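If you're matching positions, the sequence shown starts at 130 in our numbering and goes up one per residue. Note that beta-carbon positions come from the ideal geometry of N, C-alpha and C, so glycine has one too. Quantities reported herein were computed from a predicted structural model and do not represent experimental measurements. Report on the following structure.
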Amino acid sequence: MNVGGDVGASAVSPAHLEWKFSQVFGERAAGEEVQEVDVISAIEFDRTGDHLATGDRGGRVVLFERTDTKEHVGSRRELERMAYPVTRHPEFHYKTEFQSHEPEFDYLKSLEIEEKINKIRWCQMTNGALFLLSTNDKTIKFWKVQEKKVQKISDLNVDPYLGVANGSMPSSSVSSSQKQHLANGCYTDGSSQCLSNHLSFPPGGLSALRLPVVTSGESSLAARCRRVYAHAHDYHINSISNNCDGETFISADDLRINLWNLQISNQSFNIVDLKPVNMEDLTEVITSAEFHPTHCNILAYSSSKGSIRLVDMRQSALCDSHSKLFEEQETPGSRSFFTEIIASISDIKFAKTGRYILSRDYMTLKLWDINMDSGPVSTFQVHEYLRPKLCDLYENDSIFDKFECCLSGDGSRVATGSYSNLFRVFGCAAGSTEATTLEASKNPRRQVQTPSRPSRSLGSSITRVVRRGSESPGADASGNSYDFTTKLLHLTWHPTENSIACAAANSLYMYYA
130 MNVGGDVGAS
140 AVSPAHLEWK
150 FSQVFGERAA
160 GEEVQEVDVI
170 SAIEFDRTGD
180 HLATGDRGGR
190 VVLFERTDTK
200 EHVGSRRELE
210 RMAYPVTRHP
220 EFHYKTEFQS
230 HEPEFDYLKS
240 LEIEEKINKI
250 RWCQMTNGAL
260 FLLSTNDKTI
270 KFWKVQEKKV
280 QKISDLNVDP
290 YLGVANGSMP
300 SSSVSSSQKQ
310 HLANGCYTDG
320 SSQCLSNHLS
330 FPPGGLSALR
340 LPVVTSGESS
350 LAARCRRVYA
360 HAHDYHINSI
370 SNNCDGETFI
380 SADDLRINLW
390 NLQISNQSFN
400 IVDLKPVNME
410 DLTEVITSAE
420 FHPTHCNILA
430 YSSSKGSIRL
440 VDMRQSALCD
450 SHSKLFEEQE
460 TPGSRSFFTE
470 IIASISDIKF
480 AKTGRYILSR
490 DYMTLKLWDI
500 NMDSGPVSTF
510 QVHEYLRPKL
520 CDLYENDSIF
530 DKFECCLSGD
540 GSRVATGSYS
550 NLFRVFGCAA
560 GSTEATTLEA
570 SKNPRRQVQT
580 PSRPSRSLGS
590 SITRVVRRGS
600 ESPGADASGN
610 SYDFTTKLLH
620 LTWHPTENSI
630 ACAAANSLYM
640 YYA
């Protein structure tokens, strides 16, 4: 299988990016306690980069819209074709929010289902309306967010001094005590006078009558749940991913991956099933799944054993057998109690071209070429300094933290989160030495450390390297100065620009370069 093209980076190593603070939403004051329901649990740019969505533990989805490009005539694509210089930093404003999920209780399994949003994925925009998928542990919902104008009727002929509400006659015209009228508007005395005969015309006569006019007032955003995809997963959903065909998507839990059609909510097809006949024989679980960005028949999923499987849906209806397997061979004599735990992959992402897959395990970031399954082409050390503290991290469950990863639109850089609300950006182009650490705050600390010497050259557009991330000054090798209670798990890269949005507790920080 040969899919995708070369990475978007040129042979010349790009200059290191100078990251700057752009915006923050929901910044908490010093000493302010963060409510659990306000902690951000999912974040995603749409395909254009003009909209950003976040989900939190309270089941809410908040949408932001880019505003710094609206004041110029023409679409963003037209401006890019004209080589319009975008010198300002990207600016987003709050757009709307809605309650996506509510807490539920599964009475059959005596299981409480929390409302926390696990993943958000944008769908194709249609007629100016925004569409997105959101999921908690069990239920996926398809949302439509559209701007609606409030309409009202104006320019009426009713004289406020003669007419009253509900269309009844003015009290000065006909006294109800004098004449009793029937339901059809005529009177009980048999007279042919009806209500219509007592309507008074405007002073200008018949020609002055006006037809009521419907006018559009202020517009408001309305979020409506179009479909609910439920009762298809026995285990907690960890991933959803849109297909490039615009019609289907996948959802993955610990043991199964299901294929859905966006228009059909009561039926899905199970395409991957790792559940053994005897659960005691279970050796690995699915941790993440992602569709290929340009080939609708190809998807990849990762496992708790540190492997990535590439699946071609054209080969079989049930894709338990993979087309390609990507895993790094274990170094002899290095196995320990924590080996499998830290090897578990928490997130995978395809590069925009589809040629490369980025994976994140507890200790490292790895970049894989899907045309080369012998090993990763680049490895970036993120938490190597924590290796002496694995026992402590296991005791406080921090070793099970699931950090996400992302790639730049051109595929030349990768990023992931860490502890103490830090995130790291690495250059993955040939010859790049970029390794930047930033803190999610208004004044991010920025350090650049020269990476270790490349361990092997592949003679291609990407060099196989092992690179260490820069560490905070004053931190010892065991990382004692780091705060393991504050962690940056979720971040996303703008699809066309060097802009990163990341979530630290209940705050959304944005940076640009």
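Does the Cβ of residue i have 16 or more other Cβ atoms within 10 Å, making it buried, or fewer, making it exposed?
i: Y223; result: exposed
i: S239; result: exposed
i: G296; result: Any reading at G296 is ruled out, since the residue's pLDDT is 46, under 50, leaving its predicted position unreliable.
i: E276; result: exposed
i: C534; result: buried
i: V543; result: buried
i: S336; result: exposed
i: M408; result: exposed
i: H619; result: buried
i: L237; result: exposed
i: I393; result: exposed
i: N525; result: exposed
i: E568; result: buried
i: K278; result: exposed
i: D382; result: buried
i: R339; result: exposed
i: F221; result: buried
i: A294; result: Note on A294: pLDDT 44, under 50, position unreliable in the model; no value is reported.
i: R484; result: buried
i: T83; result: Outside the shown range of the chain (130 to 642) lies residue 83, about which nothing can therefore be said.
What are the partner residues of residue i, as DSSP defines its beta bridges?
i: S432; result: I415
i: G184; result: A171 and V190
i: E241; result: F234
i: C631; result: L620 and Y638
i: F221; result: R195
i: S349; result: K277
i: K478; result: L487
i: K270; result: S263 and V357
i: R385; result: D402
i: I369; result: S380
i: D363; result: Answer is none; D363 lacks a bridge partner.
i: R438; result: Y430 and L454
i: D498; result: Y485
Cα-Cα, which of the options is closest to residue i?
i: T615; options: V168, E147, R484 and K518; result: V168
i: Y514; options: K495, Y491 and R484; result: Y491
i: K149; options: M254, F552 and H218; result: H218
i: K404; options: D449, S570 and S537; result: D449
i: Q458; options: P505, F398 and S394; result: P505
i: K571; options: L146, F154, H145 and A144; result: F154
i: L181; options: Q392, K278 and T621; result: T621
i: A429; options: I400, M639, F221 and G462; result: I400
i: N265; options: L237, D185 and Y640; result: D185
i: P422; options: K453, L447, D374 and V440; result: D374
i: R356; options: L338, L391 and N387; result: L391
i: L411; options: W389, L384 and A418; result: L384
i: S547; options: D197, W389, L617 and S452; result: L617
i: C354; options: I269, F613 and E241; result: I269
i: E161; options: A634, M639 and Y638; result: A634
i: T460; options: L454, A472 and E568; result: A472
i: N627; options: P517, A359 and D539; result: D539
i: G178; options: V163, D197 and V166; result: D197
i: S368; options: V274, A171, L551 and Y641; result: A171
i: L146; options: S549, S636 and S537; result: S537
i: F613; options: N395, I499 and S527; result: S527
i: A559; options: R553, P573 and S541; result: S541
i: R157; options: A642, E165, S636 and P341; result: S636
i: I366; options: Y638, E243, G462 and S452; result: E243
i: Q253; options: M501, V274 and E241; result: V274
Would you please state the rounded distance, in angstroms, between the beta carbons of residue i and residue j? I believe it to be under 8 Å.
i: V414; j: S433; result: 5 Å
i: S263; j: W272; result: 7 Å
i: F174; j: P624; result: 6 Å
i: F532; j: S475; result: 6 Å
i: F378; j: E419; result: Not quite, the Cβ-Cβ distance comes to about 11 Å (not below 8 Å), so this is no contact.
i: W497; j: F455; result: 5 Å
i: G267; j: A352; result: The amino acid at residue 267 is misidentified as Gly; the sequence shows Lys. Actually they are not in contact, since the Cβ atoms of K267 and A352 sit about 21 Å apart, beyond 8 Å.
i: A73; j: S397; result: Because the chain is modelled from 130 through 642, residue 73 falls outside the range shown and cannot be assessed.
i: L519; j: F467; result: 5 Å
i: C631; j: Y641; result: With a Cβ gap of about 12 Å, C631 and Y641 do not count as contacting.
i: R195; j: W251; result: At roughly 14 Å, the Cβ-Cβ gap does not stay under 8 Å, so R195 and W251 are not in contact.
i: S431; j: I499; result: With a Cβ gap of about 13 Å, S431 and I499 do not count as contacting.
i: C425; j: N372; result: 5 Å
With 9 Å as the threshold, decide whether the Cβ of residue i is near any Cβ in chain B.
i: Y430; result: Absent here is chain B; the protein component of the structure consists of one chain.
Open item on the list: Assess contact between the region 180-189 and the region 228-246, defined as three or more Cβ pairs (one per stretch) separated by less than 8 Å. Is contact present?
Closed with: Result yes; three or more Cβ-Cβ pairs closer than 8 Å.
Open item on the list: Could you check whether the region 334-348 touches the region 234-252, counting it as contact only if at least three pairs of C-beta atoms, one from each stretch, sit closer than 8 Å?
Closed with: Contact between the region 334-348 and the region 234-252 is absent, because fewer than three Cβ pairs lie under 8 Å.
Task: Stretch pair the region 546-565 + the region 502-518: three plus CB contacts closer than 8 Å - done: A contact is defined here as three or more CB-CB pairs under 8 Å, and the region 546-565 meets this definition with respect to the region 502-518.
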